[in-house]
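Data first, discussion second: the structure below is written as structure tokens.
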Amino acid sequence: MRYDWYKSHGICPYCGQADAVKGKVFCLNCLDRQAVAAMVYRSSHDTTESNRVRCRERYRKARETGICVRCYQNKARDGKAICQRCFMRIREKQAVYQSKRRKEGDAK
Ligand SMILES: [Zn+2]
Ligand SMILES: [Zn+2]
83 MRYDWYKSHG
93 ICPYCGQADA
103 VKGKVFCLNC
113 LDRQAVAAMV
123 YRSSHDTTES
133 NRVRCRERYR
143 KARETGICVR
153 CYQNKARDGK
163 AICQRCFMRI
173 REKQAVYQSK
183 RRKEGDAK
């Protein structure tokens, strides 16, 4: 295992070049990079309450105004929550899934 080899030799397994920081697995440089990456990840995967409320609000408004709750672009079909295009897409996906399942069943 490369990771373990570097770790046991006190070398950063991420870049494989610099010495690891004392008490840490990675070097200072890579620790920095990971902290930045984690920050970017967190900000792009915002799951805060305000975000969730916004989503719910958007859904409610779309339903009220008869807009598709899936793409938020087209008019929803009469009495339905989604538009014709999204409806067809979902149906297509389901057809693919079902035919795949059927095939797997045949292979048995
Ligand atoms: Zn490193
Ligand atoms: Zn749609």
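Residues 83 to 190 in the working numbering are what the sequence shown spells out, letter by letter. All C-beta atoms in this analysis are idealised placements derived from N, C-alpha and C, irrespective of residue type, glycine included.
Alpha carbon of residue i to alpha carbon of residue j, nearest angstrom
i, j, result
"Met155", "Arg145", "Sequence check: residue 155 is Gln here, not Met. If you take the alpha carbons of Gln155 and Arg145, they lie about 12 Å apart."
"Val107", "Arg84", "13 Å"
"Thr147", "Glu139", "12 Å"
"Tyr123", "His91", "30 Å"
"Met121", "Pro95", "21 Å"
"Cys150", "Asn133", "20 Å"
"Lys175", "Ala158", "19 Å"
"Val135", "Lys185", "42 Å"
"Lys182", "Ile172", "15 Å"
"Gly98", "Tyr88", "7 Å"
"Asn111", "Ala102", "9 Å"
"Val160", "Val118", "Here residue 160 turns out to be Asp, not Val, going by the sequence shown. Roughly 47 Å between the two C-alpha positions."
"Cys109", "Cys153", "44 Å"
"Ala163", "Gln116", "42 Å"
"Cys137", "Arg167", "21 Å"
"Thr130", "Val178", "35 Å"
Extent of the continuous alpha helix (DSSP H) to which residue i belongs
i, result
"Cys112", "Leu110 to Ser126"
"Asn133", "Glu131 to Thr147"
"Lys89", "Arg84 to Ser90"
Residues that residue i bridges to, as DSSP identifies them
i, result
"Lys157", "Ile149"
"Ile93", "Asp101"
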